[in-house]
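Q: Structure below; questions to follow.
Take a look at the structure:
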């Protein structure tokens with residue numbers, strides 16, 4: 054039997070995952086390689102079964118909890134990355150916080166309406182779950198070409214030809230795996246889920262609408278005023294001025310800011 058290097062890697066991953074499943078069935082706690090293999094194998098098999106990227110990611114995050122692994126594994130194990138074969142081709146799936154999603158075992162969902170993040174509490178074997186502030190918006194691509202948005206992009210500032218409620222996306226990015234993308238086809242309307250930008254909440258670059266702290270006084274209002282005056286489509290308000298003049302402003306803006314024309 055002739056196997057490609059990627060096929061040999063897949064067999065190795067499956068072998069370690071099978072070992073992890075057998076040990077877990079005997080009540081043993083998993084180490085780092087076992088937990089990694091089990092999560093990666095579940096994601097790859099979900100893709101093989103025809104699940105979407107988001108569904109495979111949710112399964113990977115829902116498979117194991119702190120009670121399934123040896124002490125310290127949840128702290129050591131970073132993102133689990135695996136190249137999985139989906140119906141539309143091979144794509145990289147990055148599973149963040151892979152041991153923090155809670156133990157759902159075979160009941161791991163194919164989609165998650167909202168994310169629960171397990172946080173360890175002192176003196177307790179269980180975790181408390183914090184509801185992450187997510188919201189959803191409908192996005193329409195009015196351009197004649199596909200538009201791709203990356204996971205990290207401040208969604209308020211994405212391509213001007215995408216029409217959606219801009220204010221609802223201020224200070225938010227796509228709720229997808231780090232490094233992944235979402236593509237909107239020409240004329241397509243698609244609902245996406247957004248998560249808050251965390252940490253210091255400072256946005257630099259992108260379309261240049263904020264270029265500073267998101268929560269600074271007046272930052273939101275200035276950004277919205279500028280994008281609407283420049284011609285960014287916003288489904289929450291009526292277009293300002295002549296449509297042809299607005300289109301010309303968008304073309305001029307994109308010429309000066311090629312980073313948002315993806």
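In this note's numbering, the protein residues as written are 54 to 315. We put the CB at the ideal spot given by N, CA and C, even for glycine. Please read all numbers here as calculations on a predicted model, not as lab measurements.
Less than 6 Å between C-beta atoms, sequence neighbours within five positions excluded: which residues of the same chain meet that for residue 132?
A: Correct list, in chain order: 147 and 149.
Q: Is the Cβ-Cβ distance between residue 219 and residue 140 less than 7 Å?
A: No, the Cβ-Cβ distance between residue 219 and residue 140 is not below 7 Å.
Q: Please state the DSSP three-state secondary structure of residue 113.
A: helix
Q: State the DSSP-derived secondary structure class of residue 189, mapped to helix, strand or coil.
A: strand
Q: In this structure, does DSSP put residue 195 in helix, strand or coil?
A: Coil.
Q: Use the C-beta contact count for residue 210: other C-beta atoms within 10 angstroms, 16 or more gives buried, fewer gives exposed.
A: When all chains shown are included, residue 210 counts as buried.
Q: DSSP on residue 148, reduced to helix/strand/coil?
A: Residue state for residue 148 is assigned as strand, using DSSP reduced to three classes.
Q: How about residue 249 and residue 186: do their beta carbons lie closer than 7 Å?
A: yes
Q: Of all the options 134, 215, 64 and 252, which has the alpha carbon lying nearest to the alpha carbon of residue 243?
A: Of all alpha-carbon atoms in 134, 215, 64 and 252, the one lying nearest the alpha-carbon of residue 243 is that of 215.
Q: Three-state secondary structure (DSSP) at residue 253?
A: coil
Q: Within the same chain, show all residues whose beta-carbon is closer than 8 Å to that of residue 234, passing over the 5 residues directly before and after it, in chain order.
A: 201, 202, 203 and 204
Q: Looking only at its own chain, which residues have a Cβ that is under 7 Å from the Cβ of residue 103, when we skip the five neighbours before and after it?
A: 140
Q: Quick test of your reading: residue 229 and residue 107, contact by CB under 8 Å. State the CB separation rounded to the nearest angstrom.
A: 7 Å
Q: What does the Cβ neighbour count give for residue 257, buried or exposed, with the cut at 16 atoms within 10 Å?
A: With fewer than 16 other Cβ atoms inside 10 Å of its own Cβ, residue 257 counts as exposed.
Q: Return the chain-ordered list of same chain residues with a C-beta closer than 6 Å to the C-beta of residue 91, the five sequence neighbours on each side being excluded.
A: Excluding sequence positions up to five before and after residue 91, its CB lies within less than 6 Å of the CB of 70 and 73, all in the same chain and listed in chain order.
Q: Quick check on the burial criterion: 16 or more other C-beta atoms within 10 angstroms. Buried or exposed for residue 89?
A: buried
Q: Do you know offhand how far residue 85's Cα is from residue 129's?
A: 8 Å
Q: Any idea what DSSP makes of residue 79, helix, strand or coil?
A: coil
Q: So, for residue 57: in the same chain, excluding its five sequence neighbours on each side, which residues have a beta-carbon less than 6 Å away from its beta-carbon?
A: none
Q: As a quick exercise: from 226, 269 and 253, pick the residue whose alpha carbon is nearest that of residue 246.
A: Out of 226, 269 and 253, 226 has the C-alpha closest to the C-alpha of residue 246.
Q: Using a Cβ-Cβ distance cut-off of 7 Å, determine whether residue 93 contacts chain E.
A: Of the protein chains in this structure there is only one, and it is not chain E.
Q: Who are the Cβ neighbours of residue 135 in its own chain at under 7 Å, not counting the five residues just before and after it?
A: Result list for residue 135: 93, 96, 97 and 146, in chain order.
Q: Kindly list the residues whose CB is nearer than 6 Å to the CB of residue 123, restricted to its own chain and excluding five residues on each side of it in sequence; keep chain order.
A: 82 and 84
Q: Could you work out which residue in 262, 267 and 198 is closest to residue 254 when comparing CA atoms only?
A: 267
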